[in-house]
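Asker: So for the sequence shown, our numbering puts the first residue at 1184; every next one is plus one.
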Amino acid sequence: MIELHQFARTWGIPNLSQFCVKVETYLRMAKLPHQIVESLPLKAPRGKLPFIMDGGKKIADSRVIVNYLKSTYGDTLDADLTAEQKAIAKSFQRLLEEHLYWIGMMSRWHYTEANWQTNKQAIFAGLPPVARDLAAWVYRRRINGQILGQGTGRMTTQEAFALGMEDVDALADFLADKPYFLGCKPTSLDASAYGILVNTLGCPIESPLKDHALSKQNLVDYCDRMQQEFFPELQRFQQQRVTV
Ligand SMILES: N[C@@H](CCC(=O)N[C@@H](CS)C(=O)NCC(=O)O)C(=O)O
């Protein structure tokens, strides 16, 4: 059976990692039997989660994983899309994963001390105290280096959040009143969109970006629907917001 190696569940959403949510959602949408193995990036082949094990093969990077799953088990979700829809899906996927993602990372790893403590607790709480602080320090340096290298970390937080809000506006306008991003049926773009969006508006990392995303009722309803449909064992997203 396919093994999905990812962070432990937390925050009442499928995963604190956008890309782990993406792959688990894809597996569930495509109805591919799998089991979850809790892990940390230091155990991952490319130093990042998620990765999967399948028939003795280790496959890392959510994009490579989804391509592998499509070519090995069939493309049940995207096969019927037109070339134009596929092009739109690819563009939004890149916006979500290569742009909006980094602004979310900035909010978690170096925007406010409160966010950092929430993030640290969620990722490292399972480690013994000294190892926890050391691992958190090492990883914080490493991830902040990535955010700087990617470029988002070179902007003021105000500039970066403004760019993230443009992404959120584009996503809200494109989704409009459709049930899924490309219409009436879920596609692999929804795995990516739900992964990044639920980690923007549905997690306890506070920022102007989160507030802006929460002001888009169609995106909030979308995350709620996705969570209800594909993660029915989790509490409904909107109810959690009311009780938090
Ligand atoms: N392009 C990769 C990105 C994966 C990724 O960035 N994973 C993060 C968690 S969201 C990670 O494990 N980071 C650890 C690190 O960079 O040290 C994918 O699509 O899977």
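Note that beta-carbon positions come from the ideal geometry of N, C-alpha and C, so glycine has one too.
So who's on the other strand from glutamine 1410, going by DSSP bridges?
Answerer: For glutamine 1410, which the question treats as bridged, DSSP gives no partner whatsoever.
Asker: Can you have a look at glutamate 1221 and say buried or exposed, based on whether 16 or more other CB atoms are within 10 angstroms of its CB?
Answerer: So glutamate 1221 counts as exposed.
Asker: Going by the C-beta, is phenylalanine 1202 closer than 7 Å to any heavy atom of ligand 3?
Answerer: Among the ligands present in this structure, namely ligand 1, ligand 3 is not found.
Asker: Go ahead and pull the three-state DSSP assignment for threonine 1259.
Answerer: It is coil, neither helix nor strand.
Asker: Which same chain residues, not among the five before or five after arginine 1408, have their C-beta less than 8 Å away from its C-beta?
Answerer: Correct list, in chain order: Pro1362.
Asker: For glycine 1378 versus phenylalanine 1202, is the C-beta spacing smaller than 8 Å?
Answerer: In contact: glycine 1378 and phenylalanine 1202 (Cβ atoms closer than 8 Å).
Asker: Have a look at Lys1399, Arg1419, Pro1228 and flag the residue whose alpha-carbon is nearest the alpha-carbon of glutamate 1349.
Answerer: It is Lys1399.
Asker: Determine the burial state of asparagine 1401: buried for a count of at least 16 other Cβ atoms within 10 Å of its Cβ, exposed for fewer.
Answerer: Flag for asparagine 1401 reads exposed.
Asker: Would valine 1381 and valine 1204 be called neighbours here (beta carbons separated by less than 8 Å)?
Answerer: Against a cut-off of 8 Å, the Cβ pair of valine 1204 and valine 1381 comes out as a contact.
Asker: Determine whether the beta carbon atoms of leucine 1223 and isoleucine 1185 lie at a separation below 8 Å.
Answerer: No. Outside cutoff.
Asker: Based on the DSSP output, what are the partners of glutamine 1218 in its beta bridges?
Answerer: Partner(s): Glu1186.
Asker: Determine, using beta-carbon pairs with one atom in the region 1263-1272 and one in the region 1319-1336, whether at least three such pairs fall under 8 Å.
Answerer: They do not touch, by the three-pair rule.
Asker: Helix, strand or coil for alanine 1396? Go by DSSP, reduced to three states.
Answerer: Alanine 1396: helix per DSSP, three-state reduction.
Asker: Which class does phenylalanine 1364 belong to by DSSP, given the choice of helix, strand or coil?
Answerer: Coil, per DSSP.
Asker: For arginine 1246, verify whether its CB is less than 7 Å away from any heavy atom of ligand 1.
Answerer: The answer is yes for arginine 1246.
Asker: So, with DSSP's three-state summary, where would you put valine 1425?
Answerer: Residue placement at valine 1425 is poorly supported in this model, since its pLDDT is 48, which falls under 50; the coordinates still yield a value, given next. Valine 1425: helix per DSSP, three-state reduction.
Asker: To which residues of the same chain is glutamine 1276 closer than 7 Å at the C-beta, ignoring the five residues directly before and after it?
Answerer: Here the set comprises Leu1372, Ser1375.
Asker: Cutting at 8 Å between CB atoms, please list the residues of its own chain near threonine 1218, excluding the five before and the five after it.
Answerer: Note that residue 1218 corresponds to glutamine in the displayed sequence, not to threonine. The answer, listed in chain order, is Met1184, Ile1185, Glu1186, Leu1187.
Asker: Check whether the Cβ of glycine 1230 lies closer than 7 Å to any heavy atom of ligand 1, and answer yes or no.
Answerer: Glycine 1230: yes, Cβ under 7 Å from ligand 1.
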